[in-house]
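Numbering (my numbering), first residue to last: 298 to 456.
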């Protein structure tokens, strides 16, 4: 049974979204768990907890952007390539790379946010800015995963 190049490309986009969803779920779980514990100690930290817990969600949007680009711009053009089957596999590989970048970025961002959340009561909320800055470093890897995926798809001539 042959798999069409369009199907391979769409599978790559779906995997990219799945990676973002998985990483965000893990990151939100870690940060949210820490948030519940922190709020039992100091309910006044709710705003700070919400800010830090929400940060790992962005990688889901990056995965969604990759899926939308593949569905709207890449998949329709894959069949017209000189080697459509190879191009379909290349798009699948790009989706896997994006999935890994988004998954690991979101999960570890959640771990950083969880650490920041756990220190909110002890620092009376002063750790918020520092924790956000450290979480942004990991966020950058998710952004780079999105950018590199778009660059790779563009280099394949599929845009």
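C-beta atoms are modelled at their ideal positions from N, C-alpha and C, and glycine is treated no differently.
In this model, residue 318 and residue 327 are separated by some 14 angstroms (Cα to Cα).
Setting aside the 5 residues that flank it on each side, residue 305 is surrounded in the same chain by 385, 386, 388, 389, each with a C-beta closer than 7 angstroms to its C-beta; the list follows chain order.
Each of 434, 455, 376 was checked against the Cα of residue 401, and the nearest Cα belongs to 434. Non-local beta-carbon contacts of residue 408 in its own chain, meaning distances under 6 angstroms to residues more than five positions away in sequence, involve 327 in chain order. As summarised for the stretch 315 to 396, the continuous alpha helix (DSSP H) elements at least 4 residues long and confined to that stretch are 343 to 351, 355 to 366, 372 to 375, given in chain order.
Non-local beta-carbon contacts of residue 440 in its own chain, meaning distances under 8 angstroms to residues more than five positions away in sequence, involve 359 in chain order.
The three-state secondary structure of residue 419, taken from DSSP, is helix.
Residues of the same chain with a CB within less than 6 angstroms of the CB of residue 392, apart from the 5 flanking positions on each side, are 309, 310, 312, 313 in chain order. The beta carbon of residue 357 lies closer than 6 angstroms to those of 317, 318, 321 in the same chain, with the five residues before and after it left out.
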